[in-house]
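Have a look at the structure below before the remarks.
Number of protein chains: 2
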Amino acid sequence: MQVTDQIIRNISRYTALEEQEKVDFLSLLSFREIAKKEAILKAGQPCQHLNYVHSGTLRAYCFDKEGKESTVMFAVADWWITDMFCFLNQKPAMLYIEALEGSSVFQLSRANFEHLFATQPSFERVFRILMQNAYTREQLRVIERLSLSAEERYDNFIAKYPQFVEKVPQKHIASYLGITPEFLSAIRRGKLGR
Amino acid sequence: MQVTDQIIRNISRYTALEEQEKVDFLSLLSFREIAKKEAILKAGQPCQHLNYVHSGTLRAYCFDKEGKESTVMFAVADWWITDMFCFLNQKPAMLYIEALEGSSVFQLSRANFEHLFATQPSFERVFRILMQNAYTREQLRVIERLSLSAEERYDNFIAKYPQFVEKVPQKHIASYLGITPEFLSAIRRGKLGR
DNA sequence: CGTCTATTTGAATGTACTCAAAAGCGGTGG
DNA sequence: CCACCGCTTTTGAGTACATTCAAATAGACG
Chain A
1 MQVTDQIIRN
11 ISRYTALEEQ
21 EKVDFLSLLS
31 FREIAKKEAI
41 LKAGQPCQHL
51 NYVHSGTLRA
61 YCFDKEGKES
71 TVMFAVADWW
81 ITDMFCFLNQ
91 KPAMLYIEAL
101 EGSSVFQLSR
111 ANFEHLFATQ
121 PSFERVFRIL
131 MQNAYTREQL
141 RVIERLSLSA
151 EERYDNFIAK
161 YPQFVEKVPQ
171 KHIASYLGIT
181 PEFLSAIRRG
191 KLGR
Chain B
195 MQVTDQIIRN
205 ISRYTALEEQ
215 EKVDFLSLLS
225 FREIAKKEAI
235 LKAGQPCQHL
245 NYVHSGTLRA
255 YCFDKEGKES
265 TVMFAVADWW
275 ITDMFCFLNQ
285 KPAMLYIEAL
295 EGSSVFQLSR
305 ANFEHLFATQ
315 PSFERVFRIL
325 MQNAYTREQL
335 RVIERLSLSA
345 EERYDNFIAK
355 YPQFVEKVPQ
365 KHIASYLGIT
375 PEFLSAIRRG
385 KLGR
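Residue numbers (this note's numbering), protein chains in the order written: chain A, 1 to 194; chain B, 195 to 388.
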């Protein structure tokens with residue numbers, strides 16, 4: 001079993017790929033180990049990579065003008081993560097991405113991302129489906145934010161992402177849900193009393 | 195000038211397509227006129243179409259368990275709209291989609307959506323890019339919701355979507371921003387007094 | 001064990017909501 | 001043409017949900 005098996009399974013999930021296509025795809029990646037608390041992207045920097053998480057846990061976040069931190073996404077093994085808007089539009093990053101524990105990623109550079117589509121059109125389908133999934137996931141998040149209470153959003157979160165709950169401090173879950181850590185604590189206290 | 199010019203320009207925006215590909219694509223669409231207040235999708239129904247708005251204004255919305263309505267998206271001419279999650283996963287719709295004024299759309303059925311990719315792989319790229327754009331748009335919305343005040347979100351909305359502001363009642367903008375119409379009114383009043 | 005960070009608690013505060021009613025606006029028919 | 005009806009927007013008072021701030025407690029890690 002190879003380290004690359006996992007990412008190959010990921011991209012093969014929704015379409016059949018030739019062996020050569022897989023090999024060529026792998027040649028465009030670089031492998032990177034990330035120490036706990038190390039950042040692979042900081043706001044203001046160019047966002048040059050799309051990252052496939054091979055192991056560990058990463059978190060993307062930003063700061064508002066008062067300095068309050070908001071968690072935009074988490075990624076554990078087999079997830080993709082980047083500041084997609086800035087990656088695609090070649091703008092300075094809005095997000096910080098850092099490891100919550102020792103982690104490793106396969107990185108696809110912006111240039112290789114384009115090169116991939118230019119030379120291997122099968123990958124249009126792979127990423128079309130990844131983008132579809134990402135879109136519908138974010139849209140569901142918008143809908144939940146509009147129509148559910150903080151407590152219901154927390155319940156949904158732990159039901160939908162038990163992998164994250166294991167790995168991520170509560171304060172980051174709070175900032176993902178759009179509430180304060182104190183209030184999330186109060187929600188949890190409430191559950192015990194019933 | 196043909197009615198189909200607009201949608202052809204839309205799908206040709208990010209990639210070159212052969213004439214025959216365009217013709218074949220058009221053959222998979224059906225044109226539909228929608229009266230003001232008419233729904234093209236209702237929650238609970240199967241979501242069978244991806245809609246390209248040719249003219250008019252549509253709105254997608256849902257209800258929470260207390261019956262409060264939330265606006266998920268607007269679409270004016272040259273936008274695509276559907277309940278994407280349910281369209282892709284063939285689940286009963288969560289959303290209602292209806293016309294805010296007399297409108298017309300080109301509809302691509304779920305079957306033809308798959309047929310398109312099976313027969314014309316160039317369209318993988320077209321939709322990969324549309325999905326990318328949709329994803330980054332929703333992610334930006336999540337970030338704004340997390341890090342901006344209601345007033346800042348309203349300011350951003352009118353700056354980013356002046357086309358919507360012209361066409362859409364304020365109460366729907368409020369429900370898109372996640373606030374009550376009364377509070378949006380108070381925000382606007384505040385602006386005048388300064 | 002001691003230090004650092006995360007979580008919990010509680011009191012005071014604020015932002016946004018609910019409810020009710022008035023005012024504004026647009027469309028339609030007499 | 002304008003009077004009326006229905007819907008949208010505004011206003012204001014009272015309220016609720018979630019925040020801020022400060023401090024105590026609990027956990028994790030070297």
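For glycine and all other residues, C-beta sits at the position ideal for the given N, C-alpha and C. Treat the numbers as computed from the prediction; the structure is a model and nothing was measured.
> What is the DSSP secondary structure of residue 297 of chain B, counted as helix, strand or coil?
Replying inline: strand
> Which value, in whole angstroms, describes the spacing of the CA atoms of residue 260 of chain B and residue 118 of chain A?
Replying inline: 50 Å
> The beta strand (DSSP E) with residue 267 of chain B in it runs from where to where?
Replying inline: 263-270
> By Cβ distance, which residues of its chain are closer than 8 Å to residue 190 of chain A, with the 5 residues on each side in sequence left out?
Replying inline: 151
> Would the beta-carbon of residue 65 of chain A be found less than 7 Å away from any heavy atom of the ligand NAD?
Replying inline: Among the components modelled here there is no ligand, and therefore nothing to report on the ligand NAD.
> In chain B, which residues lie less than 8 Å from residue 120 of chain A when you measure between Cβ atoms?
Replying inline: Neighbours of residue 120 of chain A on chain B: none; closest Cβ ~12 Å, over 8 Å.
>> What does the alpha-carbon distance come out to for the pair residue 107 of chain A and residue 35 of chain A?
In response: 16 Å
>> Quick check on the DSSP output: the beta strand (DSSP E) that includes residue 226 of chain B runs from which residue to which?
In response: 223-228
>> Let me check one thing: in DSSP terms, what residues is residue 253 of chain B bridge-paired to?
In response: B:268, B:292
>> Taking 6 Å as the limit between beta carbons, can you name the residues of its chain near residue 44 of chain A, skipping five residues before and five after?
In response: 92
> Nearest chain B C-beta to residue 64 of chain A closer than 8 Å, yes or no?
Replying inline: yes
> Should residue 96 of chain A go down as buried or exposed, given a rule of 16 or more other Cβ atoms within 10 Å for buried?
Replying inline: buried
> What does a CB cutoff of less than 6 Å around residue 129 of chain A pick up in its chain, not counting 5 residues either side in sequence?
Replying inline: 14
> Who does residue 16 of chain A pair with in a DSSP beta bridge?
Replying inline: Per DSSP, none; premise fails for residue 16 of chain A.
> What residue range is occupied by the uninterrupted beta strand (DSSP E) comprising residue 41 of chain A?
Replying inline: 39-41
> Comparing the C-beta of residue 190 of chain A with each C-beta of chain B, is any distance below 8 Å?
Replying inline: no
> By the criterion of Cβ-Cβ separation under 7 Å, what are the contact partners of residue 210 of chain B in chain A?
Replying inline: Within 7 Å Cβ-Cβ: nothing; residue 210 of chain B doesn't reach chain A, min ~13 Å.
> Along chain A, in chain order, which residues have C-beta atoms closer than 7 Å to that of residue 177 of chain B?
Replying inline: Residue 177 of chain B cannot be examined here, being either before or after the span of chain B that is shown, 195 to 388.
> Counting only beta-carbon atoms, is residue 96 of chain A nearer than 8 Å to chain B?
Replying inline: no
> Who pairs with residue 92 of chain A in a beta bridge, going by DSSP?
Replying inline: A:46
> Are at least three pairs of beta-carbons, each pair with one atom in the region 249-264 of chain B and one in the region 137-148 of chain A, less than 8 Å apart?
Replying inline: yes
> For the candidate residues A:156, A:170, A:74, A:180, whose alpha-carbon lies nearest to that of residue 59 of chain A?
Replying inline: A:74
> Any beta-carbon of chain A closer than 8 Å to the one on residue 219 of chain B?
Replying inline: no
> Do the CB positions of residue 220 of chain B and residue 281 of chain B come within less than 8 Å of each other?
Replying inline: no
> Mind checking if residue 234 of chain B is an interface residue toward chain A, Cβ cutoff 8 Å exclusive?
Replying inline: no
> Is residue 197 of chain B helix, strand or coil when you go by DSSP?
Replying inline: coil
> Taking C-beta to C-beta, are residue 2 of chain A and residue 54 of chain A nearer than 8 Å?
Replying inline: no
> At what residue ranges does the region 317-358 of chain B contain a whole run of the alpha helix (DSSP H), taking only runs of 4 or more?
Replying inline: 344-354
> How about residue 94 of chain A and residue 326 of chain B: do their beta carbons lie closer than 8 Å?
Replying inline: no
> Since residue 199 of chain A is in the alpha helix (DSSP H), which residue starts that stretch and which ends it?
Replying inline: Residue 199 of chain A cannot be examined here, being either before or after the span of chain A that is shown, 1 to 194.
>> Quick check on residue 168 of chain A: does DSSP put it in helix, strand or coil?
In response: coil
>> Buried or exposed, going by whether 16 or more other CB atoms sit within 10 Å of the CB of residue 125 of chain A?
In response: buried
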